[in-house]
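Notes follow the structure.
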Amino acid sequence: MKKLKNHRGFTLIEILVSIALIGMVAVTILGLFSASLRNNNASKAVIETTVFAKDIMENLKKELYSLPSDDRDIDIIRAKGVEVQNSYEDCTITIDSKGSITGLYIIQVEVNKAGEGRVERYVSQIYLP
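Sequential numbering from 916 applies to the sequence shown in this note's numbering.
Written out as structure tokens, the structure is:
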């Protein structure tokens, strides 16, 4: 009788090695995916905070432009900054005059995200003739 030799198919060792290799590749890809997700969330938080600071800045500028030209004293402008600041949480607004240039003010909006350990600053200049 003739012995049949069947060389088709995989041995148990070959199957185990291929499963181990697939597992190592999957673990690597999942690690990269989770790192990418963390970076994406961190970027999202920074963008949200920056947009929040810009929103505060635009609201403050709108309030300052609506002041009559007689009421554009630095103390009145700072009081308007405090008024806008009180309508938002976790922000600080600083307004200073720009030295010798009359009507030019530097506005700094600082948003504190204490729970996330971040502080975002947004600085702008405004000219009020």
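All C-beta atoms, glycine included, are put in the ideal place defined by N, C-alpha and C.
The structure presented is a predicted model; accordingly, all values stated were derived computationally and were not measured.
DSSP state of residue i mapped onto helix, strand, coil
{"i": "residue 926", "result": "coil"}
{"i": "residue 1013", "result": "coil"}
{"i": "residue 982", "result": "coil"}
{"i": "residue 952", "result": "helix"}
{"i": "residue 1033", "result": "strand"}
{"i": "residue 947", "result": "helix"}
{"i": "residue 975", "result": "helix"}
Identified DSSP bridge partners for residue i
{"i": "residue 1000", "result": "Answer by DSSP bridge pairing: none, since residue 1000 is not bridged."}
{"i": "residue 1007", "result": "1025"}
{"i": "residue 1041", "result": "1020"}
Distance between beta carbons of residue j and residue i, contact taken as under 8 Å
{"i": "residue 989", "j": "residue 979", "result": "About 11 Å separates the two Cβ atoms, so there is no contact after all."}
Inter-stretch contact (C-beta, 8 Å, three-pair minimum) for the region 959-978 and the region 1001-1008:
yes
On the three-pair Cβ rule with 8 Å, is the region 934-943 touching the region 1004-1020?
no
Pairing CB atoms from the region 950-959 with CB atoms from the region 983-1003, are three or more of them under 8 Å?
no
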